[in-house]
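Residue numbers (this note's numbering): 246 to 409.
Each residue gets a CB set at the ideal place from its N, CA and C atoms; glycine is no exception.
This is the structure:
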């Protein structure tokens, strides 16, 4: 409760005391909220940054906030930490770096194995003729069992490395 009061003090003059703000997911997968500011404008803020700035003492030369479990929607104070840019780069998408992805046709034929979600996403051409990392989100949802197929393929995590 003490932490909630502290967070309310940060924005006391900016929001209505009884208004509950709804979060939404940005293009990068982070949860954000819109804060009304002076002259009717709205400022979009990332929730993990608000939580870290309110409840985690900032360390010297640590300007980035890391989700320890790499779940961008888990903004609990125990899951966040201040890190340097190099620490953030080394930690980011750790799970993507080590889990190979298998691509199957809809009838179950193995079509390819990719070392990362990024490479799997690049293997598929979109209707606009482009390939790229934008495909990663739906591929990951297939691998996690949230979608049955994506972009005309079935996707699964490999239990071994792409070479084995």
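Reference residue i; option with closest CA among the options
i           : options               : result
residue 345 : 351, 362 and 392      : 362
residue 331 : 307, 312, 315 and 316 : 307
residue 272 : 317, 349, 326 and 352 : 317
residue 291 : 387, 394 and 266      : 266
residue 474 : 347, 389 and 325      : Because the chain here runs from 246 to 409, residue 474 falls outside it and cannot be looked at.
residue 289 : 354, 301 and 280      : 280
Exposure of residue i, with buried meaning 16 or more beta-carbon neighbours within 10 Å
i           : result
residue 320 : buried
residue 380 : buried
residue 335 : exposed
residue 257 : For residue 257, the predicted model reports a pLDDT of 48, less than 50, meaning its position is unreliable; a value from the coordinates is still stated below. Exposed, since its Cβ has fewer than 16 Cβ neighbours within 10 Å.
residue 285 : exposed
residue 340 : Unreliable positioning characterises residue 340 in this predicted model, as indicated by a pLDDT of 47, which lies under 50. The coordinate reading is nonetheless provided below. Exposed is the call here.
residue 366 : buried
residue 395 : buried
Limits of the beta strand (DSSP E) - the one that residue i falls within
i           : result
residue 274 : Unbroken run through residue 274: none, as it is neither H nor E.
For residue i: DSSP bridge partner residues
i           : result
residue 325 : 312
residue 347 : 358 and 401
residue 287 : 281
residue 270 : 276
residue 395 : 398
Run of the alpha helix (DSSP H) containing residue i, from where it starts to where it stops
i           : result
residue 330 : 330–336
residue 296 : 292–300
residue 384 : 381–388
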